[in-house]
Amino acid sequence: MSDQTHMHLEHDIAPGDEEQHSVGERVLGYVVGLGLALVLTATSFFIAGTDLVWQPSIPVALIVLAIAQMGVHLVFFLHITTGPDNTNNVLALAFGLLVVFLVVGGTVWIMAHLNQNMPPMDQFIQMHS
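This is the structure we're talking about:
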């Protein structure tokens, strides 16, 4: 492997990935990820429950914190990086997100259109009488 390729791969290693040799370095990566996740969670609860933050900005702040927490989980715990050996992991993640989107989106779509496809309640009762 050339030095340039080796240097490129060193930058694509997630904390706690197999390339780190000592157990202490792996544990440190998990502890840092846990600390970041706890800080983001506590910040979310603080923002949702305080009057110190401008009220219309709370949903946006919670969405930003949720995306940041997803990033922390992907990097520190699932070890998703931009390295060439993570292609299958990224594809599996994308497929999982597609399935979740289809299930949730389909459910919301069905519930939104359920009212217009159902007969009024008095007709429904007459059908079963």
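Just so we're aligned, residue 13 is where the sequence shown starts under the working numbering, counting upward by one.
The C-beta atom is built at its ideal place from N, Cα and C for all residues, glycine as well.
Item	Value
State the Cα-Cα distance for the pair T93 and Y42, rounded to the nearest angstrom.	15 Å
Per DSSP, what kind of secondary structure is I79 in: helix, strand or coil?	helix
So, using beta-carbon positions, are T55 and L74 closer together than 7 Å?	no
Which runs of the alpha helix (DSSP H) spanning at least 4 residues fall entirely within the stretch 35-87, listed in chain order?	35-61, 70-84
Measure the C-alpha to C-alpha separation of G36 and V44 and round it to an integer number of angstroms.	12 Å
In terms of residue numbering, what span does the alpha helix (DSSP H) encompassing M123 cover?	99-129
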